[in-house]
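A.B. asks: 203 is the number that our numbering gives to position 203 of the sequence shown; each next residue is one higher, with no gaps.
The beta-carbon is built from N, C-alpha and C at its ideal position, and this holds for glycine as well.
Here the structure is a predicted model, which is why all the values come from computation and not from measurement.
This structure is in structure tokens; I'll ask about it shortly.
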Amino acid sequence: MQIPIDRTTSPRLDHEAVLAGKLTNVPSDHMVVAEYAHGEWRKARVQPYRPIPLAPFSIVLHYAQTVFEGMKAYRGVDDVLRVFRWQKHHARLQKSMHRMCMPEMPEELFKSAIHELVAVDHGWVPRGPDSAYYLRPFVFASEEHVGLKPAEQFTFIVLGAPFRPLFKSRMSIKVEREYVRASPGGTGFAKCGGNYAAAMLPTKMAKDAGYDQVLWTDAHTHTHVEESGATNIAFVVKGALVTPPLSDTILDGVTRDSVITLARELGIEVQERPLSIDEITHGIHDGSVTEAFGIGTAASVAAIGKIGIDGVDYELPVVAESVAGRLRDSLNAIRFGQVADPYGWMTTVDPL
Ligand SMILES: *Cc1c(COP(=O)(O)O)cnc(C)c1O
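Dropping the structure here:
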């Protein structure tokens with residue numbers, strides 16, 4: 001499928017600045033917009049990045065009927081542009097949309113929108129190893145309606161921006177024992193807007209207390225680890241990578257899935273099982289817990305140095321040849337085209 005292109009007449013691109021990592025975290029010149037009405041997606045266009053018209057009574061503004069994805073395109077060491085695992089991001093968007101009572105997102109529309117935006121804004125894709133072109137597909141209820149009901153009109157937009165991760169050094173996290181991000185039967189597995197609004201206050205409280213992020217625990221007992229901020233979490237326990245199993249309260253991270261695959265490939269044992277806060281405190285004391293790290297598209301694999309548990313800070317040792325470092329390196333080698341891609345994760349994009 002070829003989406004028609006309206007090019008901007010006032011480009012903001014400074015390609016040299018993007019490549020040098022000096023133009024980062026700003027929208028690129030174009031975006032893709034499509035509309036859903038009368039039971040079908042239509043009017044898909046690549047167009048200049050600009051504000052969009054929205055009725056004040058749009059359903060999304062009141063009832064948060066909106067979902068998003070976060071994914072990346074990379075500039076390889078061979079200068080080839082590659083998108084990471086678009087099929088898995090599409091499948092997850094579909095799941096999120098279903099939970100939010102939204103229509104199907106055709107695979108072909110999603111794929112073309114992602115790849116054409118990268119092709120048109122190719123000059124905005126920075127070099128690695130930390131930088132990438134962040135892609136933000138999202139869908140929202142654009143229908144104007146007075147009163148609560150699921151919308152029948154939606155807008156799909158894909159935005160992009162050259163991006164550098166937020167966390168450079170080791171993160172600190174605070175175990176959350178009061179607020180919850182997700183509860184069974186709820187929307188934790190969906191990337192829907194409301195989940196992130198609900199997390200803002202507890203996250204701000206953790207930051208005010210000197211931590212970078214919250215470590216969410218289960219809704220019923222607050223004794224078991226779930227996720228950290230908007231990333232999945234893993235611990236290294238007796239040399240094995242331990243991460244909570246997927247459920248309706250845990251987001252099925254594409255990076256999590258990739259890291260599990262690569263860990264097995266590297267001969268690291270993987271255990272997807274419940275992990276209690278007690279196991280972590282005891283494990284840090286007796287030396288069996290050696291690492292913790294967040295796993296997600298934005299931060300890739302981000303080492304955690306400190307965990308605040310009920311007012312006590314537990315420091316994790318700095319390990320040479322860390323599991324986190326090895327996983328990040330092997331993930332980057334595939335993303336930046338330094339090694340073969342045996343899993344078919346990357347799709348190449350020709351500039352337009
Ligand atoms: C997006 C997200 C993740 C990470 O998913 P990736 O696909 O790896 O980026 C983890 N947890 C939450 C709550 C998220 O929103």
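1) Once DSSP output is grouped into helix, strand and coil, what is the label at K72?
2) Which whole runs of the beta strand (DSSP E) in the segment 33 to 117 are 3 residues long or more, in chain order?
3) Which residue or residues does DSSP assign as beta-bridge partners of I157?
4) Check whether the Cβ of Y196 sits closer than 8 Å to any heavy atom of ligand 1, and report yes or no.
5) If you count every other CB in all the chains shown that lies within 10 Å of the CB of Q2, and 16 or more means buried, which is it?
6) Just the C-alpha distance for A17 and Y133, rounded to the nearest angstrom, thanks.
7) By how many angstroms is the C-alpha of T221 removed from the C-alpha of S112?
8) Report the three-state DSSP secondary structure of P162 (helix, strand or coil).
9) Which two residues bound the contiguous beta strand (DSSP E) that contains Y196?
10) Does N232 come out as helix, strand or coil in the three-state DSSP assignment?
11) Please go through the same chain and pick out, in chain order, the residues whose beta-carbon is closer than 6 Å to the beta-carbon of F110, but skip the five residues on each side of it.
12) By a C-beta neighbour count over all protein chains shown, 10 Å radius and 16 as the cutoff for buried, is L241 buried or exposed?
13) Need the endpoints of the beta strand (DSSP E) that A17 sits in, please.
14) Does the segment 189 to 196 come within contact of the segment 148 to 166, defined as at least 3 CB pairs closer than 8 Å?
15) Consult DSSP for H285 and reduce its assignment to one of helix, strand or coil.
16) Can you tell me whether R127 is helix, strand or coil according to DSSP?
17) Can you list every residue whose CB sits closer than 6 Å to some heavy atom of ligand 1, going in chain order?
18) Assuming V289 contacts I295 under a Cβ cut-off of 8 Å, what Cβ separation, rounded to an integer in Å, is found between them?
C.D. replies: In short, the structure shows the following:
1) Note: K72 maps to strand in three-state DSSP.
2) Correct list: 40 to 48, 66 to 68, 71 to 75, 81 to 84.
3) Its beta-bridge partners are V33, F138.
4) With a threshold of 8 Å, the Cβ atom of Y196 counts as near ligand 1, since some heavy atom of the ligand is closer than that.
5) That one is exposed.
6) About 14 Å.
7) Between the alpha carbons of S112 and T221 lies a gap of roughly 44 Å.
8) Correct three-state label for P162: strand.
9) Where Y196 is concerned, there is no enclosing beta strand (DSSP E), although the alpha helix (DSSP H) it sits in stretches over 193 to 208.
10) Reduced to three states, the DSSP call for N232 is strand.
11) Scanning its chain for C-beta atoms nearer than 6 Å, with the 5 sequence neighbours on each side dropped, one finds around F110 the residues H90, in chain order.
12) Residue environment: L241 is assigned as buried (16 or more neighbouring CB atoms within 10 Å of its CB, all protein chains considered).
13) Secondary structure note for A17: it is in no beta strand (DSSP E), and the uninterrupted alpha helix (DSSP H) holding it is 15 to 19.
14) They do not touch, by the three-pair rule.
15) Of the three classes helix, strand and coil, the one that applies to H285 here is helix, per DSSP.
16) Of the three classes helix, strand and coil, the one that applies to R127 here is strand, per DSSP.
17) Output, sorted by chain position: G70, K191, E227, A230, T231, N232, L251, G253, V254, T255, R256, G296, T297.
18) The C-beta distance from V289 to I295 rounds to 16 Å, too long to fall under 8 Å, and the pair is not in contact.
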